[in-house]
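**Q**
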Amino acid sequence: MSERRFVLLMLAPAVLFLGLLVAYPVALLVYNSFFEVELINPSARVWVGLANYADALTSKRILETALRTLQYSAFALCFEFIFGFGAALLFSAISGKSNWHRTIFALPLMISPIVAGLLWRFLLVGDIGILNYGLSALGIIPNPKAINWLSDPDIVIYSVAFADIWLTTSFVALVSYAGLTNIPKDLLEAARIDGANALKRFWHVTLPLMRPVIAVVVIVRGIDALKTFDLIWIQTQGGPRQASEVFSMNIYQRMVRYGDLGEASASATLFLAFMIVLAAFAYWKIWRTDNG
Amino acid sequence: MADRPSPDFGKTVINLAALVLVLSYALPYVYLVSTSLKPPADVQQIPPSFFPGRVSLENFATVIGTAGLPNAFVNSTVVAVLTTLLSLLIAVPAAYVSALYRRRITVIFLLFALVTRMVPAVSLGVPLFQVMKTLGLLDTTLGLVLAHTSTAVPLALLLMSAFFEGVPKELEEAARMDGCTRFGAFVHIILPLMPSGLAITALFSFIASWNEFLFALLLTSQNSKTAPIVIAEFNSVYGLAWGPMTAAAVLYSLPVILVTLLLQKQIVGGLTFGAVKG
Numbered sequence: 002m003s004e005r006r007f008v009l010l011m012l013a014p015a016v017l018f019l020g021l022l023v024a025y026p027v028a029l030l031v032y033n034s035f036f037e038v039e040l041i042n043p044s045a046r047v048w049v050g051l052a053n054y055a056d057a058l059t060s061k062r063i064l065e066t067a068l069r070t071l072q073y074s075a076f077a078l079c080f081e082f083i084f085g086f087g088a089a090l091l092f093s094a095i096s097g098k099s100n101w102h103r104t105i106f107a108l109p110l111m112i113s114p115i116v117a118g119l120l121w122r123f124l125l126v127g128d129i130g131i132l133n134y135g136l137s138a139l140g141i142i143p144n145p146k147a148i149n150w151l152s153d154p155d156i157v158i159y160s161v162a163f164a165d166i167w168l169t170t171s172f173v174a175l176v177s178y179a180g181l182t183n184i185p186k187d188l189l190e191a192a193r194i195d196g197a198n199a200l201k202r203f204w205h206v207t208l209p210l211m212r213p214v215i216a217v218v219v220i221v222r223g224i225d226a227l228k229t230f231d232l233i234w235i236q237t238q239g240g241p242r243q244a245s246e247v248f249s250m251n252i253y254q255r256m257v258r259y260g261d262l263g264e265a266s267a268s269a270t271l272f273l274a275f276m277i278v279l280a281a282f283a284y285w286k287i288w289r290t291d292n293g
Numbered sequence: 051m052a053d054r055p056s057p058d059f060g061k062t063v064i065n066l067a068a069l070v071l072v073l074s075y076a077l078p079y080v081y082l083v084s085t086s087l088k089p090p091a092d093v094q095q096i097p098p099s100f101f102p103g104r105v106s107l108e109n110f111a112t113v114i115g116t117a118g119l120p121n122a123f124v125n126s127t128v129v130a131v132l133t134t135l136l137s138l139l140i141a142v143p144a145a146y147v148s149a150l151y152r153r154r155i156t157v158i159f160l161l162f163a164l165v166t167r168m169v170p171a172v173s174l175g176v177p178l179f180q181v182m183k184t185l186g187l188l189d190t191t192l193g194l195v196l197a198h199t200s201t202a203v204p205l206a207l208l209l210m211s212a213f214f215e216g217v218p219k220e221l222e223e224a225a226r227m228d229g230c231t232r233f234g235a236f237v238h239i240i241l242p243l244m245p246s247g248l249a250i251t252a253l254f255s256f257i258a259s260w261n262e263f264l265f266a267l268l269l270t271s272q273n274s275k276t277a278p279i280v281i282a283e284f285n286s287v288y289g290l291a292w293g294p295m296t297a298a299a300v301l302y303s304l305p306v307i308l309v310t311l312l313l314q315k316q317i318v319g320g321l322t323f324g325a326v327k328g
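Read top to bottom, the protein sequences are chains A and B.
Quick note, the first sequence lines up with residues 2 to 293 if you use this note's numbering.
Quick note, the second sequence lines up with residues 51 to 328 if you use this note's numbering.
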């Protein structure tokens with residue numbers, strides 16, 4: 002068999018499969034976005050051109066949702082990064098062979114977002130949430146009912162992020178730790194001999210060398226956070242009212258609850274385009290330049 | 051020498067900090083497990099207590115006796131196993147040629163796989179609903195397996211092609227000198243060399259399917275509901291039945307945690323790699 006034929010044959014199943022179950026659905030999504038079409042009867046459709054896009058971009062609820070998704074992602078990412086990177090630095094400061102802390106830290110690594118969401122809802126919910134009892138025992142809040150984490154519309158979008166932060170700090174920590182162990186020891190030692198203190202060594206040696214790892218962690222986690230659905234769904238279903246509704250959830254609601262396939266498709270297409278542009282931008286700007 | 055104040059003291063402080071940090075990080079999950087072991091009446095007591103006053107398996111009995119839940123666990127397992135097999139079957143040959151026969155078409159193909167990883171689940175789920183409806187696969191195990199495989203294949207492709215990249219091309223050439231066909235060299239010589247790569251890729255596909263929620267929510271309604279869907283329904287229907295809910299969450303997550311602890315090194319390696327390429 003010729004080399005060319007062999008390559009094509011080996012690729013064929015994957016190409017066919019991804020074509021049928023990814024490329025075709027995405028094409029269908031874009032196609033649907035130009036029609037007024039209901040979920041119950043998709044064959045009855047009226048061409049409306051860009052009207053669905055115009056509606057999406059001028060809808061107050063959708064814009065609020067988009068903004069809220071960014072708020073949520075920025076908040077979650079910021080804390081995941083601080084905690085995760087801090088933990089990685091701590092782990093690398095502990096010399097020796099013991100790695101039980103990293104083992105325990107790996108615990109949530111593969112847990113489903115559904116479990117994390119359920120767990121945190123239980124920690125935060127109404128009058129049985131143990132977090133408020135802990136905080137009031139420590140004197141941080143006056144009584145266990147002082148903060149309504151999941152029912153106060155002003156803070157709920159941040160409260161639902163706790164589960165995300167808890168779930169993915171371990172990912173950030175272990176990936177950062179792997180990056181830290183790759184920094185040549187003699188480089189840090191040389192800087193120490195030259196009289197650089199710990200802070201200076203961190204700022205001038207560790208941090209610049211960690212840039213590619215940091216870039217990757219921020220891109221991967223950022224994209225995941227923007228896509229969040231299940232973790233928030235199980236905690237609040239987007240409530241109270243729409244105070245914790247993020248972009249994925251808004252698309253789901255418009256498709257399933259209102260059956261508006263056309264508008265849901267237009268938003269989903271915009272979402273998809275945004276993600277790909279963001280990823281491409283991040284890839285070219287940060288990753289590429291760092292790898293030389 | 052004397053100007054550095056006792057390094058042992060500094061070390062103890064760091065170790066202590068690590069201990070506190072790590073323990074407080076595990077605390078929420080420990081609380082979930084401890085709650086699931088409380089008698090149902092104690093679960094909602096005010097103020098809540100961290101540890102069970104009396105250990106009881108009643109919550110677990112309730113969960114196992116609840117219509118739909120054991121069935122959902124069976125569905126989840128079947129879907130995850132089939133997804134794993136199908137995605138390996140599709141992705142491994144493609145990953146092999148992408149790594150060992152680098153050409154323009156394989157590079158374009160890997161780039162395409164990378165882009166599909168950026169597609170938000172909801173953007174794929176909305177049209178997939180229509181596709182599955184047309185094919186008559188709504189609320190079937192096969193329909194959900196196909197949907198899960200569509201996201202598992204790109205991941206498996208990228209992971210496996212990285213594992214294949216460690217294989218020297220000369221090995222394949224030598225096998226062919228000895229009379230193997232190209233396909234024979236792939237199946238009989240190279241594949242048997244990578245049990246750990248295959249195992250890790252399989253594990254990732256399995257867990258991704260086991261944990262998946264949105265496709266299952268969109269594409270199943272009665273017969274082929276998976277565990278996370280039933281747990282989420284538990285959550286909204288029984289609103290306050292926290293005892294059985296925590297027990298269900300423990301049953302659903304404990305196997306995953308045990309596997310993570312056992313294979314921590316390989317999983318972190320795979321995730322790090324997935325992060326770098328994904």
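We put the beta carbon where it would ideally sit given N, CA and C, even for glycine.
Compare the Cα-Cα distances from Ala191/A to each of Leu200/A, Val38/A and Val206/A and report the closest residue.
**A** Locating residue 191/A in the first sequence gives position 190, counting from the first residue. Minimum Cα distance to Ala191/A is reached at Val206/A.
**Q** Using a threshold of 7 Å, state whether the C-beta atoms of Phe106/A and Ala15/A are closer than that.
**A** Position 105 of the first sequence, counting from 1, holds the residue named residue 106/A. Position 14 of the first sequence, counting from 1, holds the residue named residue 15/A. Contact flag unset, no.
**Q** Restricting to Cα atoms, I'd like to know which of Ala130/B, Ser148/B and Lys219/B is closest to Val195/B.
**A** Counting from one through the second sequence, the residue named residue 195/B turns up at place 145. Per the Cα distances, Ala130/B.
**Q** Which complete beta strand (DSSP E) runs does the stretch 5-73 of chain A hold, if anything under 3 residues is left out?
**A** 36-38 and 46-48
**Q** Ignoring anything shorter than 4 residues, give me the alpha helix (DSSP H) runs that lie fully in the stretch 213-268 of chain B, in order along the chain.
**A** Those alpha helix (DSSP H) runs which fall completely within the stretch 213-268 of chain B and span 4+ residues are 219-227 and 245-261.
**Q** Counting contacts by CB-CB distance shorter than 7 Å, is Asn292/A in contact with chain B?
**A** Residue numbering aside, residue 292/A sits at position 291 when the first sequence is read from its first letter. Because Asn292/A carries a pLDDT of 48, less than 50, the predicted location of this residue cannot be relied on, and no value is offered for it.
**Q** Would you kindly check if the distance between the Cβ of Ile233/A and the Cβ of Val161/A is under 7 Å?
**A** Locating residue 161/A in the first sequence gives position 160, where the first residue counts as 1. Locating residue 233/A in the first sequence gives position 232, where the first residue counts as 1. In terms of Cβ geometry, Val161/A and Ile233/A form a close pair [threshold 7 Å].
**Q** Assuming Phe172/A is part of the alpha helix (DSSP H), what are its boundary residues?
**A** Taking the first residue of the first sequence as position 1, residue 172/A is located at position 171. Ala162 to Thr182 is the extent of the alpha helix (DSSP H) around Phe172/A.
**Q** Give the residues from the stretch 173-193 of chain B that approach chain A closer than 7 Å (Cβ to any Cβ), ordered along the chain.
**A** Ser173, Leu174, Val176, Pro177, Leu178, Gln180 and Val181
**Q** Using CA coordinates, which residue listed in Glu39/A, Leu210/A, Ile166/A and Ala13/A is at the minimum distance from Leu78/A?
**A** Counted from its first residue, the first sequence places residue 78/A at position 77. Across the set Glu39/A, Leu210/A, Ile166/A and Ala13/A, the C-alpha of Ile166/A shows the shortest separation from the C-alpha of Leu78/A.
**Q** Against chain B, does Ala57/A count as a neighbour if the rule is that its beta carbon must be under 7 Å from one of theirs?
**A** Translated into the one-based positions of the first sequence, residue 57/A becomes position 56. No - not a single Cβ of chain B is within 7 Å of the one on Ala57/A.
**Q** Flag this pair as touching only if the stretch 132-150 of chain B and the stretch 194-209 of chain A have three or more C-beta atom pairs under 8 Å; answer yes or no.
**A** no
**Q** Between Arg202/A, Gly223/A, Ala94/A and Ser34/A, which lies nearest to Thr182/A when the distance is taken from Cα to Cα?
**A** On the first sequence, residue 182/A is found 181 positions in, with the first residue counted as 1. Of the candidates Arg202/A, Gly223/A, Ala94/A and Ser34/A, the one whose C-alpha sits nearest the C-alpha of Thr182/A is Ala94/A.
**Q** So that I know if they touch, is there some Cβ in chain A lying closer than 7 Å to that of Val72/B?
**A** Counting from 1 along the second sequence, the entry for residue 72/B is found at position 22. It does; some Cβ of chain A falls within 7 Å.
**Q** Any C-beta of chain B within less than 7 Å: which residues of the stretch 246-269 of chain A qualify?
**A** Ser249, Ile252, Tyr253, Met256, Ala265, Ser266 and Ala269
**Q** Leaving out five residues before and five after Val176/A in sequence, what residues of the same chain have Cβ atoms less than 7 Å from its Cβ?
**A** Against the first sequence, residue 176/A aligns to sequence position 175. Correct list, in chain order: Val214 and Val218.
**Q** Whole angstroms are fine: how far does the CA of Thr85/B sit from the CA of Ser246/B?
**A** Along the second sequence, one-based indexing puts residue 246/B at 196. Along the second sequence, one-based indexing puts residue 85/B at 35. Ser246/B and Thr85/B: Cα-Cα distance of roughly 37 Å.
**Q** Looking at the structure shown, is Asp225/A part of a helix, part of a strand, or coil, going by DSSP?
**A** In the first sequence, counting from the first residue as 1, residue 225/A sits at position 224. Of the three classes helix, strand and coil, the one that applies to Asp225/A here is helix, per DSSP.
**Q** Using only CA atoms, which one of Ile277/A, Met276/A, Asn53/A and Leu30/A lies nearest to Gln180/B?
**A** One-based indexing of the second sequence puts residue 180/B at position 130. Nearest option by C-alpha distance: Leu30/A.
**Q** Going by DSSP in three states, Asp195/A sits in which element: helix, strand or coil?
**A** Against the first sequence, residue 195/A aligns to sequence position 194. Here Asp195/A sits in coil by DSSP.
**Q** What number of angstroms, rounded off, separates the C-alpha of Thr127/B from the C-alpha of Ile235/A?
**A** Translated into the one-based positions of the second sequence, residue 127/B becomes position 77. Translated into the one-based positions of the first sequence, residue 235/A becomes position 234. Cα to Cα, Thr127/B sits roughly 22 Å from Ile235/A.
**Q** Give a yes or no on contact between the stretch 221-229 of chain A and the stretch 238-251 of chain A, applying the rule of three or more CB pairs nearer than 8 Å.
**A** At 8 Å Cβ cutoff, the stretches touch.
**Q** Could you tell me the distance, in whole angstroms, from the CA atom of Leu125/A to the CA atom of Leu151/A?
**A** The count along the first sequence starts at 1 and reaches residue 125/A at position 124. The count along the first sequence starts at 1 and reaches residue 151/A at position 150. Computed Cα separation, rounded: 7 Å.
**Q** Please report whether the beta-carbon of Leu68/A lies at a distance below 7 Å from any beta-carbon of chain B.
**A** Indexing the first sequence from 1 puts residue 68/A at position 67. Leu68/A does not count as touching chain B.
**Q** Going along the chain, which residues of its own chain have a beta-carbon closer than 8 Å to the beta-carbon of Gln254/A, five neighbours each way excluded?
**A** As a position in the first sequence, residue 254/A is number 253, starting the count at 1. Here the set comprises Gly239 and Glu246.
**Q** When you compare the stretch 314-322 of chain B with the stretch 100-118 of chain A, are there three or more beta-carbon pairs, one atom per stretch, that lie closer than 8 Å?
**A** A contact exists between the stretch 314-322 of chain B and the stretch 100-118 of chain A.
**Q** Could you have a look at Asp261/A and say whether DSSP puts it in helix, strand or coil?
**A** Mapped onto the first sequence, residue 261/A falls at position 260. Annotated three-state conformation of Asp261/A is strand, per DSSP.
**Q** Could you tell me whether the Cβ of Met211/A comes closer than 7 Å to any Cβ of chain B?
**A** The count along the first sequence starts at 1 and reaches residue 211/A at position 210. Not an interface residue.
**Q** Nearest to Ala24/A by alpha carbon, out of Ser200/B, Leu71/B and Val280/B?
**A** As a first step, residue 24/A is located in the first sequence; it is residue number 23 there, counting from the start. For Ala24/A, the nearest C-alpha among the options comes from Ser200/B.
**Q** Looking at the structure shown, is Leu66/B part of a helix, part of a strand, or coil, going by DSSP?
**A** Within the second sequence, the letter at position 16 stands for residue 66/B. Correct three-state label for Leu66/B: helix.
**Q** So what's Asn133/A in DSSP terms, helix, strand or just coil?
**A** As a position in the first sequence, residue 133/A is number 132, starting the count at 1. Of the three classes helix, strand and coil, the one that applies to Asn133/A here is helix, per DSSP.
**Q** Would Phe84/A pass as a contact of Thr169/A if the rule is Cβ separation under 7 Å?
**A** Counted from its first residue, the first sequence places residue 84/A at position 83. Counted from its first residue, the first sequence places residue 169/A at position 168. No; because the gap between Cβ atoms is not below 7 Å, this pair is not in contact.
**Q** Helix, strand or coil for Ser173/B per DSSP?
**A** As a first step, residue 173/B is located in the second sequence; it is residue number 123 there, counting from the start. Ser173/B: helix per DSSP, three-state reduction.
**Q** Can you pull the chain B neighbours of Val27/A, defined as C-beta to C-beta under 8 Å?
**A** By one-based count along the first sequence, residue 27/A stands at place 26. Here the neighbours are Val169, Ser173, Leu174 and Pro177.
**Q** Ignoring anything shorter than 4 residues, give me the alpha helix (DSSP H) runs that lie fully in the stretch 114-186 of chain B, in order along the chain.
**A** 119-150, 154-166 and 171-184
**Q** By the 8 Å beta-carbon criterion, what residues does the stretch 198-226 of chain B contribute toward chain A?
**A** Thr199, Ser200, Val203, Pro204 and Leu207
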